[in-house]
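In what follows, a structure is listed as structure tokens, so that the remarks can point back to it.
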Amino acid sequence: MGRFLILVVVLGAIWLLLSGYFDKTLLLIFGAASSIFTAWLAKRSGILDDEGVPGGIFPGIIGYTFWLVFEIGKANIMVARQALAVEPKLSPKLFYAPNPPRSRLGKVIFGNSITMTPGTVTVDLREEQILVHGLTEELADVDGIHDMGERVARIERARA
563 MGRFLILVVV
573 LGAIWLLLSG
583 YFDKTLLLIF
593 GAASSIFTAW
603 LAKRSGILDD
613 EGVPGGIFPG
623 IIGYTFWLVF
633 EIGKANIMVA
643 RQALAVEPKL
653 SPKLFYAPNP
663 PRSRLGKVIF
673 GNSITMTPGT
683 VTVDLREEQI
693 LVHGLTEELA
703 DVDGIHDMGE
713 RVARIERARA
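Following this note's numbering, the numbering of the sequence shown begins with 563 at its first residue and continues without gaps.
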């Protein structure tokens, strides 16, 4: 019940901040109702489980998010340079990289982080390794992908 209430409050706060309606009673009621309904759907469908609202991960995820935004910026520059080049040096490559995170949430964060970084896509996620597609040799960097996975694993360890 505690996770359900936390989810309702978080969803309601996000709705309130994004909508900007602080003085319209009917819209506030609709916002509260939609937050409760969404949390109920999450609980009923099994999404709201032990990892559904991992409060312990939030302190570590903030630093990781800033690092990831910086990495996304660097990758954007690399991809833009290739897109604007007269003769781009594209060398698409599929490669396996180690998969350090252990929890399902960690693996999802890791896979999504790779896909969010321009020029790389997570193709397959396995227990011990991850299949990644890189657009160029520079972006198909196993060590860089492994470093990203280690950062996610550190967040997991701090949470435990």
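Using N, Cα and C, we set each Cβ at its ideal position, and we do this for glycine too.
>> Taking DSSP's pairing of strands, which residues face residue 601 in a bridge?
In response: Note: residue 601 sits in no beta bridge, so no partner.
> Can you tell me whether residue 601 is buried or exposed, with buried defined as 16 or more other CB within 10 angstroms of its CB?
Replying inline: buried
> With residue 684 and residue 676 assumed to form a contact (beta carbons below 8 Å), what rounded beta-carbon distance in angstroms separates them?
Replying inline: 5 Å
>> Would you call the segment 633-641 in contact with the segment 585-595, where contact means no fewer than 3 C-beta pairs closer than 8 Å?
In response: no
> Of all the options 654, 582, 569, 649, which has the alpha carbon lying nearest to the alpha carbon of residue 605?
Replying inline: 569
> Is it the case that the Cβ atoms of residue 681 and residue 697 are separated by a distance below 8 Å?
Replying inline: yes
> Should residue 711 be labelled buried (16 or more other beta-carbon atoms within 10 Å of its own) or exposed?
Replying inline: buried
>> Just to check my reading of the structure: residue 662 and residue 714 have Cβ atoms closer than 8 Å, yes? What is that Cβ distance to the nearest angstrom?
In response: 7 Å
> What is the rounded straight-line gap between the Cα of residue 650 and the Cα of residue 587?
Replying inline: 57 Å
>> Can you give me the C-alpha to C-alpha distance between residue 704 and residue 686, rounded to a whole angstrom?
In response: 15 Å
>> If you follow the alpha helix (DSSP H) that residue 670 is in, where does it begin and where does it stop?
In response: 666-678
> For the putative contact between residue 718 and residue 666, defined by C-beta atoms under 8 Å, what is the C-beta separation to the nearest angstrom?
Replying inline: At roughly 11 Å, the Cβ-Cβ gap does not stay under 8 Å, so residue 718 and residue 666 are not in contact.
> Cα separation between residue 610 and residue 653?
Replying inline: 42 Å
>> On the CB-based measure, 16 or more other CB atoms within 10 Å of its CB, does residue 634 come out buried or exposed?
In response: exposed
> Is the Cβ-Cβ distance between residue 699 and residue 655 less than 8 Å?
Replying inline: yes
>> Please state whether the Cβ-Cβ distance between residue 720 and residue 625 is less than 8 Å.
In response: no
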